[in-house]
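Chemist: Chains as they are written, first to last, in the working numbering: chain A, 10 to 371; chain B, 7 to 291.
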Amino acid sequence: MVRRIGGEPSQPGGRYKDVTTDAPVDTDDRLIKAGLLKKLLTRPEFGSIIGAVAVFAFFSVITENFFTVDAISAYTNPAATLGIMAVAVALLMIGGEFDLSSGALIGGLGITMALLIQDAGAPVWLAMLLSLALAVGVGVFNGYMVIKTKLPSFIVTLGTFFIVQGAGLGFTRLISGQTTIYLSDYLEGSDWTRILFASTPFAGIRIPVYYWIVIAALATFVLLRTRYGNWIFAVGGDAASSRAVGVPVNKVKIMLFVNVSVSAWLVAMFNTFRFQSAQIGTGVGLEFEFIIAAVIGGCLLTGGYGSAIGAAIGALIFEMVRQGLAFARWEADWFKLFLGLMLLGAALLNQFVRIRAQRARS
Amino acid sequence: MTHLIEVDSVSKYFGNIMALKDVSAHVNAGEVTCVLGDNGAGKSTFIKILCGLHQASDGQYRVDGEVANFASPREALDAGIATVYQDLAMVPLMAVWRNFFLGSELQQGKTPFKRMDVAKSKQTVVDELGKMGISIRDPEQPVGTLSGGERQSVAIARAVYFGARVLILDEPTAALGVKQAGVVLRYVVEAKKRGLGVILITHNPHHAYPVGDHFVILRRGEVLGDYQKKDIPLEQLVQMMAGGADLETLQHELEKAAAQTGDDELAEAATAFGEETEQLGLGDE
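This is how it looks when you write it as structure tokens:
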């Protein structure tokens with residue numbers, strides 16, 4: 010409980026009306042005048058919402074069937090795994106750090122589980138848990154290294170990226186002599202894995218989509234409504250100031266790295282149980298897609314600002330464009346052009362919003 | 007009588023460098039003590055001892071008449087001694103209410119659903135700032151959009167709200183324009199009226215004089231004097247601050263150098279400097 014010192018509470022703006030500006034205007038009037046549009050403009054996810062509507066409208070017009078269940082499942086299914094990662098990466102970016110190892114980790118964690126099942130004879134549940142433990146370990150390693158060495162997370166996780174990729178390839182070939190491990194024989198009798206990670210509960214929408222929605226909602230709640238969310242913004246915005254008021258900066262950053270790794274594990278489970286196989290190399294290169302989706306969703310590269318729901322929408326835009334091009338029978342070559350333009354547009358919009366937010370009134 | 011906080015013949019050595027020598031000062035509840043001094047006078051060392059960052063090498067530090075040995079700023083804070091630093095410990099991109107409660111968030115609900123009490127937090131911020139005479143348009147606005155004086159005020163209001171009995175303000179007006187400095191000084195008076203002891207550290211006697219009850223002048227690590235407001239007019243305070251004798255020495259040095267080198271520009275500078283010193287001595291404000 011906070012202790013309070015002082016006399017009777019007086020009315021705000023009563024006795025000392027308006028000491029900061031010249032115009033004698035009442036506080037609440039000005040608040041209303043700020044307007045809905047202006048308020049929306051200061052939300053980090055604003056750009057991604059506009060973008061999603063625009064992209065959806067565009068492809069709905071130039072293709073006939075963008076609104077069918079088939080089409081929706083065609084872009085929501087891949088958007089789900091991208092989105093789950095983008096949300097975790099967005100939280101990390103708001104906390105002021107990067108993770109370049111997140112993509113390679115998806116393949117690494119999947120193959121770890123597969124090796125444990127095929128070559129060590131571990132039961133499926135144990136292999137899953139050990140793979141999860143490895144994910145936590147990598148996250149802690151990333152976070153701990155960044156904090157202890159004070160090196161930019163860009164460099165530290167680039168190192169982890171190569172370590173994960175190299176160790177994954179090396180050990181997999183050494184142990185099994187393969188780069189792809191097929192698990193269908195081993196998964197007989199483990200129906201629960203299919204239900205949990207590879208089912209299609211409703212209308213052609215696969216289960217990762219539901220995870221994606223729940224995770225995005227949960228992350229948004231944590232970010233905006235809990236003290237942990239407050240701390241995530243704070244450590245990314247100004248770590249020294251946060252420390253001065255008692256925020257456990259190191260703990261928060263390590264947790265964010267672990268959250269990314271654990272999300273990579275979840276995506277590895279989706280992939281492995283859906284295809285009943287694991288392949289080393291899965292996910293390599295995707296780390297930039299996660300970051301791009303987070304930026305489209307309103308994250309600043311400098312930290313301290315961004316949105317979880319925005320990142321989820323960013324992933325949706327990403328896949329709508331990719332699938333939209335296919336639906337419109339355009340060459341997939343155009344995708345990268347779209348991607349580059351969207352990224353630049355989003356980064357510019359974020360910069361504009363940030364400058365507005367930081368501009369000191371004279 | 008017992009003072010709220012008091013330092014008695016405190017000295018601080020760093021190796022063989024003496025940063026503070028036999029410094030005594032105090033503050034009572036509802037009183038503003040101004041600590042004035044130029045660069046290198048020992049102001050920062052003085053603050054760091056008060057807020058628990060440094061421990062005195064010699065002398066006593068008493069809170070409510072009892073000897074206090076703070077090992078960290080946290081302990082000083084727990085004793086109700088809050089320091090507002092120049093950098094303010096705020097995150098510019100975050101909303102005012104989020105900054106206000108950062109690290110000590112108001113919460114509601116049971117554990118898995120524990121969340122911040124946003125409405126109450128915002129209302130508290132508006133009320134607390136209102137009490138101190140700052141009307142905030144919208145507690146959702148980022149701290150970065152506040153002016154320097156408003157930011158300073160939010161930092162002070164935060165310290166007061168979280169139970170400070172003594173406020174130590176480190177150069178609160180240094181980076182501010184005249185109008186903004188006025189806002190902050192007004193806030194200092196408000197804090198005093200609410201029964202807090204305030205220690206205002208500054209190098210600007212014009213800012214200190216209107217709000218201070220007594221003035222401790224530091225020079226080269228020593229206390230030059232501790233004056234009640236009625237005992238010292240502003241002119242004299244300015245003169246003591248500027249260190250009249252020191253300036254004269256400086257002028258002579260310049261003149262000597264000018265004579266040696268025969269540099270006209272240097273001679274001109276020396277004359278101009280002398281005139282300025284004289285003006286300062288007269289105190290034109």
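For glycine and all other residues, C-beta sits at the position ideal for the given N, C-alpha and C. Bear in mind the structure is a predicted one, so any value in this text is a computation, not a measurement.
Assuming E296 (chain A) contacts S57 (chain A) (C-beta within less than 8 Å), just tell me the rounded distance between them.
Modeler: Actually they do not touch by this definition, with Cβ atoms about 19 Å apart.
Chemist: Could you tell me the distance, in whole angstroms, from the CA atom of G290 (chain A) to the CA atom of V231 (chain A)?
Modeler: 33 Å
Chemist: Looking at chain A, is there any beta carbon in it that lies within less than 8 Å of the beta carbon of A95 (chain B)?
Modeler: yes
Chemist: Per DSSP, which one or two residues make a beta bridge with E228 (chain B)?
Modeler: B:R225
Chemist: Within its chain, find whatever has a CB closer than 8 Å to the CB of E196 (chain B); leave out the 5 residues flanking it on each side and keep chain order.
Modeler: K137, M138 and G139
Chemist: Using a Cβ-Cβ distance under 8 Å, would P98 (chain B) count as near chain A?
Modeler: Yes, because at least one Cβ of chain A sits closer than 8 Å to the Cβ of P98 (chain B).
Chemist: Chain A beta carbons: is any one of them nearer than 8 Å to that of G109 (chain B)?
Modeler: yes
Chemist: For the stretch 173-203 of chain A, enumerate the residues whose C-beta is nearer than 9 Å to any C-beta of chain B, in chain order.
Modeler: none
Chemist: Flag this pair as touching only if the stretch 153-161 of chain B and the stretch 175-187 of chain B have three or more C-beta atom pairs under 8 Å; answer yes or no.
Modeler: Touching, yes, given that three or more Cβ pairs across the two stretches are closer than 8 Å.
Chemist: Since F242 (chain A) meets chain B, which of its residues come closer than 8 Å, beta carbon to beta carbon?
Modeler: V97, L99, M100 and R104
Chemist: For Y84 (chain A), would you say it is in contact with chain B, using Cβ-to-Cβ distances shorter than 8 Å as the test?
Modeler: no
Chemist: Assuming contact is defined by CB atoms lying nearer than 8 Å, are G169 (chain B) and G86 (chain B) in contact in what I supplied?
Modeler: yes
Chemist: Under 8 Å between C-beta atoms, does K120 (chain B) make it to chain A?
Modeler: Closer than 8 Å to some Cβ of chain A, the Cβ of K120 (chain B) qualifies, so yes.
Chemist: Determine the chain A residues that contact L113 (chain B) at a beta-carbon separation under 9 Å, and present them in chain order.
Modeler: The displayed chain sequence assigns Gln, not Leu, to residue 113 (chain B). Chain A residues near Q113 (chain B): T235 and R236.
Chemist: Taking Cβ positions, are V189 (chain B) and S251 (chain A) nearer each other than 8 Å?
Modeler: no
Chemist: Helix or strand or just coil, what does DSSP make of R234 (chain A)?
Modeler: helix
Chemist: Could you check what DSSP says for Y233 (chain B) in three-state terms: helix, strand or coil?
Modeler: Three-state DSSP puts Y233 (chain B) in a strand.
Chemist: With distance defined between alpha-carbon atoms, name the residue in A:T121, A:R338, A:I263 and A:E106 nearest to Q187 (chain A).
Modeler: A:T121
Chemist: So, are the CB atoms of A302 (chain A) and L114 (chain A) less than 8 Å apart?
Modeler: no
Chemist: For I241 (chain A) versus L100 (chain A), is the C-beta spacing smaller than 8 Å?
Modeler: yes
Chemist: Determine whether the Cβ of V78 (chain A) lies closer than 8 Å to any Cβ atom of chain B.
Modeler: no
Chemist: For a contact defined as C-beta to C-beta under 9 Å, what are the partners of G124 (chain B) on chain A?
Modeler: What sits at residue 124 (chain B) in the sequence shown is Val, not Gly. Correct list: L233 and R234.
Chemist: Candidates B:A31, B:L230, B:G21 and B:I55: which alpha carbon is nearest S15 (chain B)'s?
Modeler: B:A31
Chemist: Are the C-beta of N359 (chain A) and some C-beta of chain B separated by less than 8 Å?
Modeler: no
Chemist: Measure the C-alpha to C-alpha separation of H212 (chain B) and H9 (chain B) and round it to an integer number of angstroms.
Modeler: C-alpha separation (whole angstroms): 26 Å.
Chemist: Please list, in chain order, the chain B residues whose beta carbon lies closer than 8 Å to that of G246 (chain A).
Modeler: Within chain B, the residues near G246 (chain A) are V97, P98, L99 and M100.
Chemist: When you compare only the Cα positions, how much space is there between V362 (chain A) and A66 (chain A)?
Modeler: 25 Å
Chemist: At 3 residues or longer, and completely inside the stretch 164-218 of chain B: list those beta strand (DSSP E) runs for me, N to C.
Modeler: 172-176 and 203-208
Chemist: Going along the chain, which residues of its own chain have a beta-carbon closer than 7 Å to the beta-carbon of A83 (chain A), five neighbours each way excluded?
Modeler: Q332
Chemist: Please list the residues of the stretch 250-284 of chain A that have a C-beta atom closer than 8 Å to any C-beta atom in chain B, keeping them in chain order.
Modeler: S250, S251, A253, V254, G255 and V256
Chemist: Tell me whether A317 (chain A) sits in a helix, a strand or coil according to DSSP, three-state version.
Modeler: helix
Chemist: So which residues of chain B does G56 (chain A) contact, with C-beta pairs closer than 7 Å?
Modeler: Within 7 Å Cβ-Cβ: nothing; G56 (chain A) doesn't reach chain B, min ~16 Å.
Chemist: Using a Cβ-Cβ cut-off of 8 Å, state whether N239 (chain A) counts as contacting chain B.
Modeler: yes
Chemist: Determine contact between the stretch 310-325 of chain A and the stretch 218-232 of chain A, defined as no fewer than three beta-carbon pairs at a distance below 8 Å.
Modeler: Output reads yes: the stretch 218-232 of chain A touches the stretch 310-325 of chain A.
Chemist: Which partner residues does F211 (chain A) have in the DSSP bridge list?
Modeler: A:I214
Chemist: Excluding the five sequence neighbours on either side, which residues of its own chain have a C-beta within less than 6 Å of the C-beta of Q114 (chain B), listed in chain order?
Modeler: Cβ within range, chain order: D123.
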